[in-house]
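**Q** Structure incoming, see below.
Protein chains in written order, with the numbering used here: chain A, 1 to 112; chain B, 1 to 114.
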């Protein structure tokens, strides 16, 4: 069975500081992993995806994530937070049936 | 990437009534997915809609409550029937990308039941 766990429902960082959002996954098959961002009153936008190619994946808006099989992790990072990064972030894993299983989300607050 | 349009974007409905949400995609897709996002929570898959066959519902969701239509490869509807305040959620339509890797989402329909 597939599942994801996001550690920390709320994360606050200062503008310019490192952003680290944690995601651990469970999958019985090699996973496809995703990070999505949801801005207030909007749908979900794909930030980046891991599909068994390079383990370090670069996405939009300066975000990247590293797939670590030994740790079953896919943490999302950004070197320097911007005010515009404030949003809800969801980690997701996909199974062979095309269903996406989402984590509970992490709300990122950026402090000026 | 696919462009997905959902209508309505939001609605306030009386309990006991039904609301039909429309999802239009700018390209032909085999599978379309409907998700629910309850307030402050993550997304839960309601059902998978394939053109020409009955939708496949996830555990906890039934066709009588959430009937789905899929008349062609670019369109689907989800109806929330006999609504109660517990149905207040964001409902999102989704399609799989090329190669069935990532999923693309509509803007969602924010439903409030009073």
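No residue lacks a Cβ here, since even glycine has one placed at the ideal position from N, Cα and C.
With a floor of 3 residues, list each beta strand (DSSP E) that falls wholly inside the stretch 38-103 of chain B, ordered by position along the chain.
**A** 43-50, 68-72, 75-80, 89-96
**Q** Select from B:1, B:44, B:48, B:87 the residue whose C-alpha is nearest the C-alpha of residue 77 of chain B.
**A** The residue given as residue 77 of chain B occupies position 77 in the second chain. Here the closest residue by C-alpha is B:48.
**Q** Is it the case that the Cβ atoms of residue 27 of chain B and residue 55 of chain B are separated by a distance below 7 Å?
**A** If you number the second chain from 1, residue 27 of chain B lands on position 27. If you number the second chain from 1, residue 55 of chain B lands on position 55. Contact flag unset, no.
**Q** Which chain A residues are close to residue 103 of chain B, counting only those with a beta carbon under 7 Å from its beta carbon?
**A** As a working note, residue 103 of chain B is residue 103 in the second chain. Neighbours of residue 103 of chain B across chain A, judged by C-beta separation under 7 Å: 100.
**Q** Would you please verify whether the beta carbon of residue 52 of chain B is less than 7 Å from any beta carbon of chain A?
**A** Looking up residue 52 of chain B in the second chain gives position 52. No, because no Cβ of chain A sits closer than 7 Å to the Cβ of residue 52 of chain B.
**Q** Does residue 84 of chain A come out as helix, strand or coil in the three-state DSSP assignment?
**A** Numbered from 1 along the first chain, position 84 holds the residue referred to as residue 84 of chain A. Helix at residue 84 of chain A.
**Q** If you run the structure through DSSP and keep just helix, strand and coil, what is residue 24 of chain A?
**A** As a first step, residue 24 of chain A must be located in the first chain, where it is residue number 24. In this structure, DSSP gives residue 24 of chain A an extended state, which the three-state scheme calls strand.
**Q** Determine the extent of the beta strand (DSSP E) in which residue 109 of chain A is found, giving its start and end residues.
**A** Start at 1 with the first residue of the first chain, and residue 109 of chain A comes out as number 109. Here the beta strand (DSSP E) through residue 109 of chain A covers 106-111.
**Q** Residue 88 of chain B to residue 62 of chain B, Cα distance in whole Å?
**A** Numbered from its first residue, the second chain carries residue 88 of chain B at position 88. Numbered from its first residue, the second chain carries residue 62 of chain B at position 62. Taking the straight line from one Cα to the other gives about 17 Å.
**Q** For the beta strand (DSSP E) that residue 1 of chain A lies in, which residues bound it at each end?
**A** As a position in the first chain, residue 1 of chain A is number 1, starting the count at 1. Looking at the DSSP string, residue 1 of chain A is not in any beta strand (DSSP E), and its letter there is neither H nor E.
**Q** Within the same chain, show all residues whose beta-carbon is closer than 8 Å to that of residue 25 of chain A, passing over the 5 residues directly before and after it, in chain order.
**A** What you label residue 25 of chain A is simply residue 25 of the first chain in a count that begins at 1. Excluding residues within five positions, the ones whose Cβ falls inside 8 Å are 2, 3, 4, 5, 31, 33, 72, 73, 74, 91, 93.
**Q** For the beta strand (DSSP E) containing residue 36 of chain A, list its first residue and its last residue.
**A** As a first step, residue 36 of chain A must be located in the first chain, where it is residue number 36. Counting along the chain, the beta strand (DSSP E) containing residue 36 of chain A begins and ends at 32-38.
**Q** Measuring alpha carbon to alpha carbon, tell me which residue in B:96, B:69, B:111, B:33 is nearest residue 46 of chain A.
**A** Your numbering for residue 46 of chain A matches position 46 in the first chain. Closest by alpha carbon: B:96.
**Q** At 7 Å on the CB atoms, spell out the chain A contacts of residue 42 of chain B, in chain order.
**A** Walking along the second chain from the start, residue 42 of chain B turns up at place 42. Near residue 42 of chain B (Cβ distances below 7 Å), the residues of chain A are 90, 102, 103, 104, 105.
**Q** Would you list the one or two residues that DSSP bridges to residue 15 of chain B?
**A** For the purposes of this step, residue 15 of chain B is taken as residue 15 along the second chain, with counting starting at 1. Residue 15 of chain B pairs with nothing; no bridge assigned.
**Q** Check this for me: beta carbons of residue 22 of chain A and residue 7 of chain A, under 7 Å apart or not?
**A** Residue numbering aside, residue 22 of chain A sits at position 22 when the first chain is read from its first letter. Residue numbering aside, residue 7 of chain A sits at position 7 when the first chain is read from its first letter. In this structure, residue 7 of chain A lies closer than 7 Å to residue 22 of chain A by Cβ.
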